[in-house]
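To start, the structure under review is shown below, and the notes come after it.
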Amino acid sequence: MAKPIANSMLVLRIFTLAASAASIGLIVTNNITFSVDNSKRFFKDVIAYRFVLAVAAITAAYILIQLPFAIYYAVKEKRMIRGGYLREFDFYGDKVISLLLASGVAAGFAVSIELKRFFDELFDQFQVPKDDVTRSTNDNFFDRGYIATGVLTVGLICMVVCSVLSSVNRNKGFFG
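Take a look at the structure:
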């Protein structure tokens, strides 16, 4: 049972790293310029997007630390460092990163929904047409936030499954 769990955890960690890296790329490049007055809006202007970026970066760093140990465990079917310390690190680290990812995903979706709704209502009050360039540019900014957060959600799902597997792997005596 250890080999399938080790291989699954390795694949899930790689998917989480890929999702975190993609989310970082999408968030960092989320910048718009309004054609009317050439004003710019950057991802860093929205504090929740900075939090999403920080969560994705912390997750990527954690996975990069875990990856050599996961590869060794999947190939050799034994831990690189003996004594159960890596098993504990997997268990607690996966839980912390899962919770951090959940809060980052929640913040990203919440701010995208709320600010997009706010600006749509503001544009409606000023009777700005739906096909206006400024309105569509603003919508594109928040849509990109949705996409980056959605990609990070894939990482969250992978990390939660990895967290469950690290629990199973930690409690070997009970599960097998």
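1 is the number of the first residue of the sequence shown in full-length UniProt numbering; add one for each residue after it.
Even for Gly, the Cβ is constructed at its ideal location relative to N, Cα and C.
Computed from a predicted structure; not experimentally measured.
message = For Phe15, tell me which candidate among Asn169, Val168, Cys162 and Ile113 has the shortest Cα-Cα distance.
response = Cys162
request  = Alpha carbon to alpha carbon, how far is Ser35 from Val154? Give it in angstroms, no decimals.
outcome  = 34 Å
query = To the nearest angstrom, how far is it from the Cα of Lys40 to the Cα of Gly104?
reply = 24 Å
query = Considering only residues of the same chain and omitting the five flanking positions on each side of residue 196, which have a CB-CB separation below 6 Å?
reply = Beyond the ends of the chain as shown, which are 1 and 176, falls residue 196; an answer cannot be given.
request  = Measure the C-alpha to C-alpha separation of Ile97 and Ile157 and round it to an integer number of angstroms.
outcome  = 11 Å
task = Reducing DSSP to helix, strand and coil, say where Thr29 ends up.
result = coil
inquiry  = Need the endpoints of the alpha helix (DSSP H) that Arg87 sits in, please.
reply    = Tyr85 to Gln125
ask   = Going by beta carbon distance, what residues of the same chain come within less than 8 Å of Ile32, once the five residues before and after it are set aside?
value = Lys40, Arg41, Thr137, Asn138, Asn140 and Phe141
From Ser167, Leu152, Ser166 and Val160, residue whose alpha carbon lies closest to that of Leu26 = Leu152
ask   = Which value, in whole angstroms, describes the spacing of the CA atoms of Gly176 and Gly145?
value = Low local confidence applies: a pLDDT of 45 at Gly176 is under 50, so the model's placement there is unreliable, with the coordinate-based value given in what follows. Distance between the alpha carbons of Gly176 and Gly145: 43 Å.
query = Can the beta-carbon of Ala56 be found closer than 7 Å to that of Ser112?
reply = no
ask   = Within 10 angstroms of its Cβ, does Met80 collect 16 or more other Cβ (buried), or is it exposed?
value = exposed
task = Out of Leu122, Phe69, Ala2 and Glu77, point me to the one whose CA is closest to Tyr85's CA.
result = Phe69
query = So what's Arg79 in DSSP terms, helix, strand or just coil?
reply = coil
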